[in-house]
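Take the sequence shown: its position 234, counting from 1, is numbered 235 in this note's numbering, and each next residue is one higher. Yeah, the Cβ is synthetic: ideal placement off N, Cα and C, and Gly gets one too.
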Amino acid sequence: MSLTVVGSIAFDAVKTPFGERERMLGGAAVHFSLAASFFTEVRPVGPVGDDFGAAEFEVLESRGILTDDIERVEGGRSFFWRGRYGYDLSVAHTEDTQLGVFAEFEPKLSEGSKAADTLFLANIQPDLQRQVRSQCAARLSGLDSMNLWIETAKDSLRAAIAEVDCLLVNDAEIRQLTGESNLARAARAVMELGPCAVVAKQGEYGAALFTENGFFALPGFPLEDVRDPTGAGDSFAGGFFGYLDGHGGGLDEAHLRRAMGYGTVLASFASAARRSTSASRRCAG
Ligand code: AMP
Numbered sequence: 002m003s004l005t006v007v008g009s010i011a012f013d014a015v016k017t018p019f020g021e022r023e024r025m026l027g028g029a030a031v032h033f034s035l036a037a038s039f040f041t042e043v044r045p046v047g048p049v050g051d052d053f054g055a056a057e058f059e060v061l062e063s064r065g066i067l068t069d070d071i072e073r074v075e076g077g078r079s080f081f082w083r084g085r086y087g088y089d090l091s092v093a094h095t096e097d098t099q100l101g102v103f104a105e106f107e108p109k110l111s112e113g114s115k116a117a118d119t120l121f122l123a124n125i126q127p128d129l130q131r132q133v134r135s136q137c138a139a140r141l142s143g144l145d146s147m148n149l150w151i152e153t154a155k156d157s158l159r160a161a162i163a164e165v166d167c168l169l170v171n172d173a174e175i176r177q178l179t180g181e182s183n184l185a186r187a188a189r190a191v192m193e194l195g196p197c198a199v200v201a202k203q204g205e206y207g208a209a210l211f212t213e214n215g216f217f218a219l220p221g222f223p224l225e226d227v228r229d230p231t232g233a234g235d236s237f238a239g240g241f242f243g244y245l246d247g248h249g250g251g252l253d254e255a256h257l258r259r260a261m262g263y264g265t266v267l268a269s270f271a272s273a274a275r276r277s278t279s280a281s282r283r284c285a286g
């Protein structure tokens, strides 16, 4: 089995109440690929600038991720995102987004990426998501997005959603996209567009899965020390779709529920700074 993903491949600057990092490897497709690599062969698709060097490729390749479809544009700059969190770490405030080489990107998938069994359209401009979707006839497909694209490219985003099996976005974004404040009704409205499954990510409260006849929810793993949640949502998606791809790509309830479990685990690793062991020591002692 194999999984192709398109999405931002980026550098991030992140500020939280606990500290600040000016430049670190990030991007939705990067976090997704790292998580999915625990389950299957992953091929990220997207451009990077010449600021994306051997060290960044090594992070991906050391996990067995196939980087042939990461196009290095000489003289270009990689996607850049600057974000800030307050004490509520579930809400990221975007301060700057620079598309860089993504502004001119015209995806041309290699034969290997076109032939993938599973396709994930991670967060990026919805027209790009659709261009990749049109080149890959994967059996299973999913999509993530965010408020920026709901606000600036809603029609294109709705068209992209209509072309996938599963939508996986934050609960606030499902409400914003559909104009429905009730999450169950909002998920139903998304399914009317085309997808047969909707996953609403709810930060530390976990994630909820809606299907035509089912509902399932899992809380987040209770971490005691979260310093920077950036990438947790993409890691959830990587665990979720990586598991599904690595186990036949079926979308039956049992598979989907298990995938929710793996998504939750991978998201917790992405957010964990350090987990206190004092409680377990007391219990063991
Ligand atoms: P999340 O998993 O939701 O925390 O996503 C975090 C990642 O999304 C960061 O590493 C950013 O580089 C990336 N990102 C932020 N804004 C955008 C955007 N408008 N389009 C694509 N990727 C983005």
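With a threshold of 7 Å, establish whether the CB of residue i neighbours any heavy atom of ligand 1.
| i | result |
| --- | --- |
| Leu129 | no |
| Ile175 | no |
| Ala187 | no |
| Ile162 | no |
| Ser157 | no |
| Asp51 | no |
| Ile151 | no |
| Asp166 | no |
| Ser9 | yes |
| Gly27 | yes |
| Ile66 | no |
| Gly232 | yes |
| Ala138 | no |
From the DSSP output, which residues share a beta bridge with residue i?
| i | result |
| --- | --- |
| Pro48 | Glu72 |
| Glu21 | Lys16 |
| Leu210 | Val200, Phe217 |
| Ser142 | Leu120 |
| Val31 | Partner(s): none; Val31 has no beta bridge. |
| Leu4 | Val43, Thr119 |
For the beta strand (DSSP E) that residue i lies in, which residues bound it at each end?
| i | result |
| --- | --- |
| Asp246 | No beta strand (DSSP E) contains Asp246, which is instead part of the alpha helix (DSSP H) from 233-247. |
| Leu184 | Careful: Leu184 lies outside any beta strand (DSSP E), inside the alpha helix (DSSP H) at 184-194. |
| Tyr86 | 80-86 |
| Val165 | Segment: none, Val165 is in no beta strand (DSSP E) and carries neither H nor E. |
| Lys115 | Where Lys115 is concerned, there is no enclosing beta strand (DSSP E), although the alpha helix (DSSP H) it sits in stretches over 112-115. |
Take the Cβ of residue i as the centre, count every other Cβ of all protein chains shown within 10 Å, and call the residue buried at 16 or more, exposed below.
| i | result |
| --- | --- |
| Tyr206 | exposed |
| Phe106 | buried |
| Met261 | buried |
| Ser343 | Here the chain comprises residues numbered 2 to 286, so residue 343 is not present and cannot be evaluated. |
| Ile88 | The sequence given here places Tyr at residue 88; Ile does not occur at that position. Counting Cβ neighbours within 10 Å, Tyr88 comes out exposed, since fewer than 16 surround it. |
| Thr179 | buried |
| Val92 | exposed |
| Thr41 | buried |
| Ser272 | buried |
| Phe81 | buried |
Could you tell me the boundaries of the alpha helix (DSSP H) in which residue i lies?
| i | result |
| --- | --- |
| Thr17 | No alpha helix (DSSP H) holds Thr17; the beta strand (DSSP E) holding it covers 11-17. |
| Ala273 | It is not in any alpha helix (DSSP H) - Ala273 carries neither H nor E in the DSSP assignment. |
| Gln177 | 172-179 |
| Ala56 | 55-62 |
In this structure, how does DSSP classify residue i when only helix, strand and coil are distinguished?
| i | result |
| --- | --- |
| Val92 | coil |
| Thr41 | coil |
| Arg282 | Unreliable placement is indicated for Arg282, whose pLDDT of 41 sits below 50; the coordinate value is still reported in the next sentence. Residue state, collapsed to three classes: helix. |
| Asp97 | strand |
| Ser157 | helix |
| Leu224 | coil |
| Leu67 | coil |
| Leu129 | helix |
| Leu169 | strand |
| Leu149 | helix |
| Leu26 | strand |
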